[in-house]
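Residue numbers (the working numbering), protein chains in the order written: chain A, 1 to 209; chain B, 210 to 401.
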């Protein structure tokens, strides 16, 4: 029996001046054609990411007013429909990470997960062959995602972002439009590869990415 | 000195006589220097390589003294092979905590390669994507200069250059070291 489990549909990194730094879209499972295709168009994902900025802003103000710290995991920002939901994280420097999750983005067969469309589903779950079954069970038992489920994603994104910043040839000024020559997107291949790895491998219940 | 003895010596000095600094400080400082030189020379990478080599050379001239004191070396290496062992297993070990592999000797024992399994200077680095850096810049070229400078102070003229670098997408990071000649102790000009 095939079960549909949540997967990441889009990862976005947004700079402190709300400028897009990096956006990557991941295909999700389409039952009609039994293939993996993006759930929305690129433009729609861009709009979705833009719409989360207001939520970030509101939450940040509310947090500041309540005095509960400036940043960190913002949790669920925006539930778009019964399929897509956007989760967010903001660092102290104002860089925002957004993960758009497709609640039915990946197909898992009773036994083993398929590796369709270049998506590395094999790594999902807690252990080897039983992984697919466990994940399916976990998905069936809960609608949506548990609190803190996305933590591992943001942790991994932050690690990748830190690695990027450590590269001496990466100039943060170029990526900040209000000052200097800025406004560029991130072009690092390593960073893109890290994002791809995170987006393709993540599944509910994962503790390491 | 045999290879295993050299690596024991390097290990011991590293553990007992070396003051450690934060790796990120070194890595980020070096990275910034290279990036700045690239900017100053408007991405003329041939010139950048030269500058790095020159900086390394000046470091090497001084570093050798420190090396000799710490390693307590009281005698010369008997041949160039022994020199190679000492460079890889003692020199690199105590200053960078890496031990490059020595390979690809030529039959006349005058040329060898140092293959770096890890290169602390290049952590986090991704070369600029301008289509030239990948072919022209040797990011860790300072190491070539260091070796050249240090060996010159102990009467060895060598030629050093990198022939591959993982940063460029090669499988290994490899430096080629060639002994040009032993420099005879220069006598002061005779008074007539």
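Quick reminder that beta carbons are idealized off the backbone N, C-alpha and C, glycines included.
What are the start and end residues of the alpha helix (DSSP H) that includes residue i?
i                      : result
residue 199 of chain A : 189 to 201
residue 150 of chain A : From DSSP, residue 150 of chain A is part of no alpha helix (DSSP H); its letter is neither H nor E.
residue 48 of chain A  : 42 to 66
residue 218 of chain B : 212 to 225
residue 95 of chain A  : Premise fails: residue 95 of chain A is in no alpha helix (DSSP H) and is neither H nor E.
residue 237 of chain B : 232 to 249
Would you mind sorting residue i into buried or exposed? The rule is 16 or more other CB atoms within 10 Å of its CB.
i                      : result
residue 244 of chain B : buried
residue 120 of chain A : Bear in mind that the predicted position of residue 120 of chain A carries a pLDDT of just 38, short of 50, making it too unreliable to give a figure here.
residue 342 of chain B : buried
residue 389 of chain B : exposed
residue 52 of chain A  : buried
residue 365 of chain B : buried
residue 193 of chain A : exposed
residue 372 of chain B : exposed
residue 130 of chain A : Residue confidence for residue 130 of chain A is low, a pLDDT of 39 falling below 50, so the modelled location carries little weight; the figure read from the coordinates is stated next. Exposed is the call here.
residue 367 of chain B : buried
residue 229 of chain B : exposed
residue 350 of chain B : buried
residue 111 of chain A : For residue 111 of chain A, the pLDDT reaches just 47, beneath the cut-off of 50, and the residue's location in the model is therefore unreliable, although a value from the coordinates is still provided. Label assigned to residue 111 of chain A: exposed.
residue 160 of chain A : buried
residue 118 of chain A : Here the model assigns residue 118 of chain A a pLDDT of 39, short of 50, so the residue's position is not dependable, and the following value carries that caveat. Residue 118 of chain A is exposed by the Cβ-count criterion.
residue 125 of chain A : Note that residue 125 of chain A has pLDDT 37, beneath the 50 cutoff, so the model's placement of it is unreliable and the number below is only indicative. Its Cβ being crowded by 16 or more others within 10 Å, residue 125 of chain A is buried.
residue 391 of chain B : exposed
residue 269 of chain B : buried
residue 132 of chain A : Its pLDDT being 45, under 50, residue 132 of chain A is placed unreliably by the model, and the measurement read from it follows with that caveat. The residue is buried, with at least 16 neighbouring Cβ atoms inside 10 Å.
residue 383 of chain B : buried
residue 232 of chain B : exposed
residue 168 of chain B : It is not possible to answer for residue 168 of chain B, since the shown part of chain B is limited to 210 through 401.
residue 274 of chain B : exposed
residue 213 of chain B : exposed
residue 188 of chain A : buried
Name the two residues that bound the continuous beta strand (DSSP E) containing residue i.
i                      : result
residue 298 of chain B : Where residue 298 of chain B is concerned, there is no enclosing beta strand (DSSP E), given that its DSSP letter is neither H nor E.
residue 323 of chain B : 320 to 325
residue 273 of chain B : Residue 273 of chain B -> not in any beta strand (DSSP E); alpha helix (DSSP H) instead, spanning 254 to 280.
residue 312 of chain B : 310 to 312
residue 37 of chain A  : 35 to 37
Give me the DSSP bridge partner(s) of residue i.
i                      : result
residue 10 of chain A  : A:25 and A:100
residue 78 of chain A  : A:86
residue 390 of chain B : B:366
residue 293 of chain B : Paired residue(s): none; residue 293 of chain B is not in a bridge.
residue 20 of chain A  : A:14
residue 108 of chain A : A:3
residue 251 of chain A : Any question about residue 251 of chain A goes unanswered here, given that chain A covers just 1 to 209.
residue 30 of chain A  : A:35
Could you give the C-beta distance for residue i and residue j, rounded to a whole number, given that I count them as a contact under 8 Å?
i                      : j                      : result
residue 45 of chain A  : residue 199 of chain A : Actually they are not in contact, since the Cβ atoms of residue 45 of chain A and residue 199 of chain A sit about 12 Å apart, beyond 8 Å.
residue 55 of chain A  : residue 77 of chain A  : 4 Å
residue 360 of chain B : residue 348 of chain B : At roughly 22 Å, the Cβ-Cβ gap does not stay under 8 Å, so residue 360 of chain B and residue 348 of chain B are not in contact.
residue 108 of chain A : residue 3 of chain A   : 5 Å
residue 307 of chain B : residue 329 of chain B : 6 Å
residue 258 of chain B : residue 358 of chain B : Going by Cβ atoms, the distance from residue 258 of chain B to residue 358 of chain B rounds to 16 Å, so no, they are not a contact pair.
residue 172 of chain A : residue 103 of chain A : Not confirmed; about 35 Å, so no contact.
residue 254 of chain B : residue 345 of chain B : 4 Å
residue 21 of chain A  : residue 175 of chain A : 6 Å
residue 261 of chain B : residue 354 of chain B : 7 Å
residue 89 of chain A  : residue 72 of chain A  : 7 Å
residue 204 of chain A : residue 149 of chain A : 6 Å
residue 99 of chain A  : residue 11 of chain A  : 6 Å
residue 376 of chain B : residue 334 of chain B : 6 Å
residue 326 of chain B : residue 236 of chain B : Contact flag wrong, Cβ pair sits at about 17 Å.
residue 321 of chain B : residue 313 of chain B : 6 Å
residue 318 of chain B : residue 288 of chain B : 7 Å
Beta-carbon of residue i versus every beta-carbon of chain D: anything under 8 Å?
i                      : result
residue 230 of chain B : Among the protein chains in the structure shown, which are A and B, there is no chain D.
**Study point:** Every unbroken alpha helix (DSSP H) within the segment 332 to 387 of chain B, with a cutoff of 4 residues, ordered by chain
**Key:** If one requires a minimum length of 4 residues, the alpha helix (DSSP H) runs lying completely within the segment 332 to 387 of chain B are 342 to 345 and 351 to 362, in chain order.
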